[in-house]
Every structure is written in structure tokens, then in C-alpha cells.
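Report on the following structure.
Residue numbers (the working numbering): 590 to 826.
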């Protein structure tokens with residue numbers, strides 16, 4: 590709003606004509622007319638008289654007038670004080686939004702970083718062919734893997750070999766254990782009914798994501814919030 594329109598509205602709110610208002614303010618009607626039409630701006634003394642006559646609150650007026658009008662009135666100490674206070678508040682608000690935006694951005698970046706970081710992990714696969722009964726050696730199931738060409742040549746021993754191989758084949762019940770730390774070439778685990786011998790079958794390096802993928806959701810929310818803070822801060826600056 591223009592300053593001239595503002596004081597005209599203030600005069601009309603008081604229910605005064607221009608001559609009546611000019612008399613109460615202590616200025617000529619022609620000068621008041623120039624003030625209301627924007628052809629002139631008041632000095633500090635005249636401005637004080639206007640404020641007193643119309644009971645104008647300078648703070649409320651500064652919120653209503655446009656920035657160009659306030660710039661023209663900045664030589665008046667009362668207006669300048671209000672404008673400087675207003676700018677100080679705006680700068681303070683801008684800094685507050687800026688700090689908040691930077692904080693949200695750092696939190697968002699940290700959350701997304703945590704959610705996508707990869708870990709290289711060495712995995713060791715240990716395999717047990719089956720249950721070992723009391724008195725059986727740890728390599729009891731090796732006979733299953735032996736080729737028939739390696740069977741004994743003696744007929745009796747050959748029959749015993751194939752019989753034993755058939756029995757152990759029927760007892761095969763493979764179990765695999767995966768460990769992130771080595772347990773050597775093999776280890777024994779006591780189970781119900783006997784024990785199991787787990788031998789190192791293979792080892793390999795795998796890439797694993799941390800179980801914190803859900804951090805990406807608050808990460809995105811923090812980043813969106815940071816952009817919102819920057820937008821509000823710069824629009825209010």
C-alpha cells in the first residue's frame with residue numbers, strides 16, 4: 590500500500606474531511622492533499638503530527654506499506670527504527686532457517702550413507718555329510734565319495750566295501766553351516782543321537798548391506814525438509 594493511501598484511509602477512519610484533518614495536524618490542506626496523493630512525503634515533524642493526529646501505530650503501518658514506500662520514509666527516525674528492527678528479525682529468521690536446513694541436510698546425508706554402505710565379509714561354508722554314531726571315525730562318510738575303481742580286489746572285502754558304502758549313502762543327511770569367522774579345516778558338533786563333523790567346504794568374500802536399509806526413509810525426509818527450510822528462509826529474507 591502507498592503511504593498516501595494509508596493516511597487517507599486513516600483520516601476517513603477518523604471521519605474527518607481534509608480541511609478538518611489539516612487543521613488538527615497543523616498543516617495546509619493543499620499539503621495534506623499532496624501527501625495523500627503521493628506527490629510529497631512528510632518531514633519528521635509532520636510525520637510525528639500525522640502519527641499523533643491519526644493515532645497511527647508505526648509498527649502496524651510498516652507491515653502494511655510496501656518496501657518502496659518504507660524506503661522513501663527511511664529518513665524519519667521512527668520509521669527507520671521499525672524498518673531496522675524488522676530487517677534484524679528477518680535476518681535472524683533467515684539464519685535460523687538456514688541452520689535448520691543445513692542440520693537436516695547433514696542428518697539426511699548421514700542416514701542415506703548408513704543405509705547404502707556395503708560391507709565386505711568373508712564367509713566360510715562348513716558341510717556335514719551326516720550323523721556320526723558312537724565309535725565312528727570323522728571320515729566315515731568318505732567311503733561314499735570313493736570311486737568304485739578304488740574298491741578292494743578281494744571278493745569278500747569288495748562286498749563289505751559296497752555294503753558299507755550303501756549303508757553310509759543311505760545315511761547321508763547333509764547340513765551346511767555358514768560362519769563369518771574361520772573354524773579351521775573342520776570341527777565337531779555334538780547333536781542328538783551322536784555327533785557331526787563339519788569340514789570346510791568353501792569360503793568366499795561377499796558384499797553385504799547393513800541391516801539399516803530403513804534409514805533411507807528418514808534420510809529422504811530430512812533432505813526434503815532441508816530444501817523446504819532453504820526455500821522458506823530465502824523467501825522470507
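Even for Gly, the Cβ is constructed at its ideal location relative to N, Cα and C.
Secondary structure of residue i, DSSP reduced to three states
i, result
"residue 594", "helix"
"residue 761", "coil"
"residue 600", "helix"
"residue 768", "strand"
"residue 661", "helix"
"residue 738", "Any reading at residue 738 must be qualified, since the residue scores a pLDDT of 47, below 50, and its modelled position is unreliable; no value is offered."
"residue 726", "coil"
"residue 644", "coil"
"residue 654", "coil"
"residue 675", "helix"
"residue 746", "helix"
Beta-bridge partners of residue i, as assigned by DSSP
i, result
"residue 630", "None, per the DSSP bridge assignment."
"residue 779", "784"
"residue 721", "784"
"residue 791", "714"
"residue 774", "772"
Whole-number beta carbon distance between residue j and residue i, since they are thought to touch under 8 Å
i, j, result
"residue 753", "residue 715", "The Cβ separation is near 25 Å, so there is no contact."
"residue 647", "residue 659", "At roughly 11 Å, the Cβ-Cβ gap does not stay under 8 Å, so residue 647 and residue 659 are not in contact."
"residue 727", "residue 760", "Rounded, the Cβ-Cβ distance is 15 Å, inconsistent with contact."
"residue 591", "residue 615", "Actually they are not in contact, since the Cβ atoms of residue 591 and residue 615 sit about 23 Å apart, beyond 8 Å."
"residue 717", "residue 786", "6 Å"
"residue 690", "residue 808", "Not quite, the Cβ-Cβ distance comes to about 15 Å (not below 8 Å), so this is no contact."
"residue 777", "residue 784", "6 Å"
"residue 774", "residue 789", "5 Å"
"residue 686", "residue 822", "3 Å"
Residue environment, residue i, which counts as buried when at least 16 other CB atoms sit within 10 Å
i, result
"residue 596", "buried"
"residue 749", "exposed"
"residue 610", "buried"
"residue 650", "buried"
"residue 600", "buried"
"residue 710", "exposed"
"residue 816", "exposed"
"residue 745", "exposed"
"residue 668", "buried"
Proximity test, Cβ basis, 9 Å: residue i and chain D
i, result
"residue 717", "Among the chains of the structure shown, chain D does not appear; only one protein chain is present."
Any non-hydrogen atom of the ligand NAP within 8 Å of residue i CB
i, result
"residue 611", "This structure does not include the ligand NAP; it has no bound ligands of any sort."
Run through the region 685-713 for me and flag every whole beta strand (DSSP E) of 3 or more residues, listed as ranges in chain order.
-> none
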